[in-house]
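Student: Under the working numbering, the residue at position 96 of the sequence shown is numbered 95, and the numbers go up by one with no gaps. Have a look at this one.
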Amino acid sequence: MKNFEDRLKGGHPNSLGNTVEVVEEVLSENGLFNELFNCYFSNDEIVRLRTSNAMKRICKAKKSILIPYVERFLTDIAQIDQASTQWTLSQLFGMLEKDMTDMQIGQAKKIMKNNLANHNDWIVLNQTMDTLTKWTKKDPELKEWIRPHLVRLTSDDRKSVSGRAKKMLDKISVS
């Protein structure tokens, strides 16, 4: 045990704390990944935030470590009601798409569609718009589903959300 949960606690919520150090350890000893993954079930939201950040870093560096956990991301982690977890899922689904089954892709779409329709966090909305818009190239039904949501979000008071929605709307209009 490397006590990842304890090492990811504390400090300012917007800081990485020991995240990079933990990621380096997992990348050098892949068998430690499960301990890090289990930090998602911490009672501490900062630990869960940093765990999400670690997952993105590991996925970018060596996504093969995450592939056996795709099902758990779709079930266990998708149930965590925390914005950082939800925006990370959108990013991970985008990075892992080629390694997911059709059923897993369907479940990921369901999770992200729910987030786009019901979430209010600006990062969740932006990341979810990105991944779903990319996926519309292979899914005409998704393209039709997302269009009214993008139109709705073009009126969002937050410039990053409305700007992203306009950009994604333009993307689906030309494809």
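Virtual Cβ for every residue (Gly too), placed ideally from N, Cα, C. Values in this document were obtained by computation on a predicted structure and should not be read as measured data.
Would the beta-carbon of Ala53 fall within 7 Å of that of Leu35?
Tutor: Yes, they are a contact pair.
Student: Could you spell out the range, first to last residue, of the alpha helix (DSSP H) harbouring Glu143?
Tutor: Element bounds for Glu143: Pro139 to Leu152.
Student: Roughly how many angstroms lie between the CA atoms of Lys170 and Thr132, to the nearest whole one?
Tutor: Each residue's alpha carbon lies about 8 Å from the other.
Student: Determine the direct distance from the alpha carbon of Trp134 to that of Ser172, and round the result to whole angstroms.
Tutor: Their backbone Cα atoms lie some 14 Å apart in a straight line.
Student: Return the CA-CA distance between Met99 and Ile66, expressed in angstroms with no decimal places.
Tutor: So the alpha carbons of these two residues sit roughly 8 Å apart.
Student: Between the Cα of Arg56 and the Cα atoms of Met94, Asn42 and Gly30, which residue gives the shortest distance?
Tutor: Considering only alpha carbons, the answer is Met94.
Student: Buried or exposed for Arg163, please, with buried defined as at least 16 other CB atoms from any protein chain shown within 10 angstroms of its CB.
Tutor: Counting Cβ neighbours within 10 Å, Arg163 comes out buried, since at least 16 surround it.
Student: On the premise that Val19 lies in contact with Leu7, defined as a C-beta separation below 8 Å, what is that separation, rounded to the nearest angstrom?
Tutor: 11 Å between Cβ atoms; not a contact.
Student: Identify the continuous alpha helix (DSSP H) that holds Arg157 and give its terminal residues.
Tutor: Element bounds for Arg157: n/a, residue is neither H nor E.
Student: For Cys58 and Leu91, I'd like the C-alpha separation in whole angstroms.
Tutor: Distance between the alpha carbons of Cys58 and Leu91: 7 Å.
Student: Round the Cβ separation of Leu149 and Leu168 to the nearest angstrom and send it over; I've been treating them as touching at under 8 Å.
Tutor: 4 Å between Cβ atoms; contact.
Student: Please check the pair Ser159 and Asn125, which I expect to be a contact at CB under 8 Å, by giving their CB distance rounded to whole angstroms.
Tutor: Indeed, because the Cβ distance is near 6 Å, the residues count as touching under 8 Å.
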